[in-house]
Structure formats: C-alpha cells, structure tokens
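Asks: In this note's numbering, the protein residues as written are 12 to 518. Glycine residues also receive a C-beta, built at the ideal position from the N, C-alpha and C atoms. Computed from a predicted structure; not experimentally measured. Let me give you the structure first, and then I'll get to my questions.
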Amino acid sequence: MRREFECRRDPATNVVVVAALFFVACAALLVEEACGGEEPVTELSNGFTATHSADAPGWFEPFLYATNGVFALGFLRVGASSLDLAVVHLPSSFPLWRATPARLADWSSPATLSFDGRLVLATGHGAGTVLWSTLNPIGDNVKLLNSSELIILLFDERSTPWRSFHSPSDTLVLDQNFTLSTPPLISENRRFALRLGKTYMALHMEFYGGRTRPMYWQHTALMAQPENGTEPPVYGRLDGRGFFGLYLQGGSGNESVDRIAFDTFPRNLTGAFRRMTLVDDGNLRAYYWTDGSKDWTSDYQAISGQCELPTSCGAYGLCVPGQAACQCLVNSTTDGTTSPQCAAVETTDLCGAGQMFEVVRRSRVSLAYKERVPFETYKTVAECEESCAEDCTCWGALYNGASGYCYLIGFPVETVVYEADDRKVGYFKVRKAQQSAAQARTMSPGATAATVVLSLVLAVAGAYVGYWLWERRRRRRAGGVGMEQELTPRPYRDLKSMDSSNNSFKS
C-alpha cells in the first residue's frame, strides 16, 4: 500500500518532471551536435593540443566542455578577423572569460592551444609565436567547472595552481571573488577599467596604455572605515540573490560591509545565472539568464544618465541632458545622434617636440564627474586658463565663476555636459594636425594655382642662370672678354652701356 501511495503524483508535477527531462535531453543533444556526435571532452591531460584551421568556419571552435553542457572553452572569433581563447556561455554565445593577449591572433592563420603542465596559446607553424600562457603554475589536468571557471589541477585534484577566476577579462560571474590583488576588469575596447581600492570600487578611463587613468565613478563600502589603518581591505562577490556584496577580506565568515542591490533583489529571484560586465560605453552592468531565456535581462547599471557616461558623445563632444542629440565643442553642430565624430581619440599628450594646439572656449559647460578631477582656486577665468596653458599634460580647464574652482583636465578631452549657467566656462586645447601628403593633394584650387606659378618662375630663373654660366665659360675660352665684362651678366652690361651713352649725350 505504501509503495502504491508513493507512486501517485499530482498531474501538474508529472508535467513539470517531463518538461525538465525534455530540456535536459535537448541540452545534451546540442552539446553532442557541437562535438560532431562524439562524447564531449570534459578534461584535458598533459600532451593535449587543439589546432585552429585557417579556413575554419563559424565563430567558435570548442574543445573542452563543462559537465553541465552550458559552458565551453575554445577558439573565439573576435571582430572580423581576430582570434582569442575564451570560455563561452553556449545558450547565449557570450564570452564570460577571455585570455586577451596583448596581440590577438589572426583568424585566417593557424593557431594552437597546448597543455603540457601549463596552457599555451600560440600562432604559426611549428613552435610558433606564444601569444598567451599560464606562466609559472604547473599542473596535470585542465577542467571547466559548472560555474564557468577554468582550472588547472594537480594529479591528486586537491590543489589548483591556476584559476581563471583570478584573472578576469571584462566579466564577473556568480561566486567569483574580486579582490584588491585581482587584475582589473578591462572593457573589450580597452578604454575602461574597474578597480578595487581598500574601501571602494571605482571605474576609470584608460589613456596612453593605462599610464593615465582618471576616475569617473566610485562606490565606497557603506560600513567600511577608511580611517582605520588596521581594518582589512574589502573584496566583492556577485551573489545569486541579486546583489554585489562587499566584504572584509580575511574576516570571520562573510562579514558584509555593503551590498549593491539589483532590480531583482526585492523579488528574491534565485536559480538564475548572473554576470556583471564592464561594457564598451564605460558602464558597469549586471544581467541574468534563466532557463528558457532568449537573451540576457538587464538587472543593474552603475551609471543611469546618458550624459553621466564619460564618452557618450565622443572626444570633444557636448552632451545635453534630456536630449538625444550631441553637439561638438569645436563647431557646435549636431547631427541628431548620440555619438558624432567630433574629433579623433588622442593617444599621446602635448609634451612632445613641435606639438602645437589651438584653443576652443565654450560657456555653460561642465563635467559629470568633476568631483573626481583635481581642482585649484582662482579669482578669474584668465588665471585658470593660464594654469592649464603652461602645462603640456593639461588638455583643458573648467572654471566656475561662482566658487572660483578651476578643474584641470589632465587627459584628452572627452564628453562634457551642458549646464545652463553662464558662470561655468571651458577652455580646451585641440591638437593642430601636421600637414600630410594626403592633405597636400587636397589643397584648395587657389593654393594649387599659386604653387604652379611659383614653380614656373623658379624654372625660368634657373634656366637663365644656367645659360649665363654657359655663356661665361664660352667667352672665357674665346679670350676676348675683359675681366669686368666677363663677370658681369649681359643685361647689366647693357644697362651700363646705356648709362655711358646717356652721359655722353648730356655732356
């Protein structure tokens, strides 16, 4: 009787069970299809080598899978023609981790990923050129966990000398610790970074290869004590309950000092896969993915206003809050988009020899993140401008006539924000472009005509001088010319003879 009772289920429960089994079966079929009908590889051993063919189709070549079939490691096509090593979330095709070497490989060239104690990504034939490796850690096996973490294991599987969670690219996932010693999150376009301080997390712009990195957003742990020198630093972790938590490192248990709640936190949405990514516009965003999803659902953004983003209108752009259009500082035009190409992004400062610049002044401008920019106090706007003009590392200055604050922009000018206050004025340096051969070919018609006339004049003068030298040598050989007459050009001699005749006539 008891066994019969246990086998009786509610019809709705049966439907749920059947549906779950169906989705599991579908996922298994998808992985099997990606593996060409073979059993998916879930572990790599010493001596393993995966080869990328130069004519490989598609965008992703997986060769290592997590046991749940949701994540895979493989060669990823980046952009139109580059190659990288990546861990991909298969249902969405989103790369959660990338090796991101300093120089990406070419997708149209052969490449290999080998494991012989360490992972090595190389391009070319034979030994090839090493683009990326796990360096010193030595292990026996490689696995991709169901959390999406890629790890190197020793033979006893008790020690992990290398973990991908310790070297993130642009994304953090569930239960991945982000500490003071963790490398920063770098956006895919390499222009922005998320870093952790002792008591805060902050977003930075990256200029000159990271040598200059101004901050534009900061969140300080609510319960942290910056003045306490003995308090350990904080670290962050993405929680499945819908928040990014900040905790004291090395503390007893999970000693929380703050949490950044997402939109789904009040709903207690659990069971979703979550990620936090630093995207190419400089914003830090959180997303979640549930079973049956067709796309990632946005759950959080650190910066809510378009004009608060540091490059929303590009270099030398002017963002007007509440409007969809951008303007340019250099000519005040608008094209109805949010990203006009007002000027190219600068890659060097103005301190080199021969660096010239023009000056642009605009009123009613400010910076969305001026609190993060160093400032000085001056009585006049002229003093503010002078302090920037004399400094080759300064690209601009913003002066507030009400407070006397002079905000100095020690990095290439990006987007500034419109404010309806005539006392807020801006001074901006714009590099003068040196004339190139292409520019010379596109000179105005007037300039071209003047160049042609000058060339003709020089040609005639050169021909005359050449004829005179030839005539001089001829007369010298003939021996019939006096020294003074020989050294005097003929037109000048004619003038002297005319003067002599005139004088004779007058006398």
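Consult DSSP for Ser-178 and reduce its assignment to one of helix, strand or coil.
Replies: Of the three classes helix, strand and coil, the one that applies to Ser-178 here is coil, per DSSP.
Asks: Less than 7 Å separating the Cβ of Asp-95 from some heavy atom of the ligand GTP?
Replies: Annotation note on the ligand GTP: not contained in the displayed structure, which lists no ligands.
Asks: Taking Gln-312 as the reference, which of Phe-255, Phe-71 and Ala-400 has the closest Cα?
Replies: Here the closest residue by C-alpha is Phe-255.
Asks: Check Ala-61 in the structure and name its three-state DSSP category.
Replies: Here Ala-61 sits in strand by DSSP.
Asks: Output yes or no for whether 8 Å exceeds the beta carbon distance between Trp-70 and Thr-182.
Replies: The answer is no: Cβ separation not under 8 Å.
Asks: Roughly how many whole angstroms lie between the Cα atoms of Arg-296 and Gly-365?
Replies: One C-alpha to the other measures close to 42 Å.
Asks: Pick from Glu-357, Ser-398, Val-131 and Asp-95: whose alpha carbon is nearest that of Tyr-219?
Replies: With distances taken between Cα atoms, Tyr-219 lies closest to Glu-357.
Asks: Are the segment 370 to 386 and the segment 415 to 425 in contact at 8 Å, needing three or more beta carbon pairs?
Replies: Taking 8 Å as the limit for Cβ pairs, the verdict is that the segment 415 to 425 does touch the segment 370 to 386.
Asks: Three-state secondary structure (DSSP) at Lys-154?
Replies: The answer is strand: DSSP assigns Lys-154 an E or B state.
Asks: Whole angstroms are fine: how far does the CA of Tyr-76 sit from the CA of Thr-193?
Replies: Spanning the two alpha carbons is a distance of roughly 25 Å.
Asks: Decide if Ala-431 is buried, meaning its Cβ has at least 16 other Cβ atoms within 10 Å, or exposed.
Replies: Result: exposed.
Asks: Quick one: which unbroken beta strand (DSSP E) runs of 3-plus residues sit fully inside the segment 381 to 433? Chain order, please.
Replies: As far as the segment 381 to 433 is concerned, its whole beta strand (DSSP E) runs of at least 3 residues are 386 to 388, 407 to 411, 416 to 420 and 427 to 429.
Asks: Measuring CB to CB, does Tyr-211 end up less than 8 Å from Thr-231?
Replies: In this structure, Thr-231 lies closer than 8 Å to Tyr-211 by Cβ.
Asks: With a cut-off of 8 Å, do at least 3 Cβ pairs link the segment 153 to 171 to the segment 79 to 96?
Replies: Touching, yes, given that three or more Cβ pairs across the two stretches are closer than 8 Å.
Asks: Quick check: Ala-61 and Leu-94, are their CB atoms within less than 8 Å of each other?
Replies: Result no, Cβ atoms of Ala-61 and Leu-94 do not sit closer than 8 Å.
Asks: For the beta strand (DSSP E) that Arg-129 lies in, which residues bound it at each end?
Replies: Neither: Arg-129 is in no beta strand (DSSP E) and is coded neither H nor E.
Asks: Is there contact between the segment 395 to 408 and the segment 424 to 439, where contact requires at least three CB pairs shorter than 8 Å?
Replies: Yes, the segment 395 to 408 touches the segment 424 to 439.
Asks: Determine the contact status of Leu-185 and Leu-196, defining contact as a CB-CB distance below 8 Å.
Replies: Not a contact, by the Cβ cut-off of 8 Å.
Asks: Looking at the structure shown, is Gln-317 part of a helix, part of a strand, or coil, going by DSSP?
Replies: It is helical.
Asks: Is Pro-148 helix, strand or coil by DSSP?
Replies: Reduced to three states, the DSSP call for Pro-148 is coil.
Asks: Within 10 angstroms of its Cβ, does Leu-233 collect 16 or more other Cβ (buried), or is it exposed?
Replies: Burial call: exposed.
Asks: In terms of residue numbering, what span does the beta strand (DSSP E) encompassing Asp-250 cover?
Replies: Per DSSP, Asp-250 belongs to the beta strand (DSSP E) from 245 to 250.
Asks: Could you tell me if Leu-146 is buried or exposed, where buried requires 16 or more neighbouring beta carbons within 10 angstroms of its beta carbon?
Replies: Result: exposed.
Asks: By a C-beta neighbour count over all protein chains shown, 10 Å radius and 16 as the cutoff for buried, is Asn-279 buried or exposed?
Replies: Exposed, because fewer than 16 other Cβ atoms sit within 10 Å of the Cβ of Asn-279.
Asks: Just verifying my parser: in three-state terms, what is the DSSP assignment at Arg-206?
Replies: Three-state result, Arg-206: strand.
Asks: Would you mind working out which of Leu-101, Asp-127, Val-89 and Ser-103 sits nearest Ser-56, comparing C-alpha positions?
Replies: Checked all of Leu-101, Asp-127, Val-89 and Ser-103; the closest Cα to Ser-56 is Asp-127.
Asks: Could you tell me the distance, in whole angstroms, from the CA atom of Ala-393 to the CA atom of Arg-372?
Replies: So the two alpha carbons sit approximately 12 Å from each other.
Asks: Put Tyr-327 into one of helix, strand or coil per three-state DSSP.
Replies: Residue state, collapsed to three classes: coil.
Asks: When DSSP labels each residue in this structure, what does Arg-109 get in the three-state scheme?
Replies: Arg-109 falls in the strand class under three-state DSSP.
Asks: Quick one, which of Gly-90, Arg-252, Thr-241 and Ile-271 has its alpha-carbon nearest Gly-261's?
Replies: Looking at the Cα atoms, Thr-241 is the closest of the given residues.
Asks: Give a yes or no on whether the C-beta atoms belonging to Thr-131 and Glu-54 are separated by under 8 Å.
Replies: This sequence places Val at residue 131; Thr is not what is there. The answer is no: Cβ separation not under 8 Å.
Asks: For Ile-163 and Val-370, I'd like the C-alpha separation in whole angstroms.
Replies: Taking the straight line joining both Cα atoms gives about 55 Å.
Asks: Which residue's Cα is closest to the Cα of Arg-201: Glu-49, Arg-285, Val-290 and Ala-67?
Replies: It is Val-290 whose Cα lies nearest to the Cα of Arg-201.
Asks: Any idea if Val-141 is buried or exposed, counting beta-carbon neighbours within 10 angstroms, 16 or more meaning buried?
Replies: Classification of Val-141: exposed, given that the 10 Å Cβ count is below 16.
Asks: To the nearest angstrom, how far is it from the Cα of Phe-203 to the Cα of Thr-322?
Replies: Looking at the two C-alpha atoms, the distance is approximately 10 Å.
Asks: Tell me the rounded alpha-carbon separation between Gly-221 and His-215.
Replies: Going from the Cα of Gly-221 to the Cα of His-215 covers about 10 Å.
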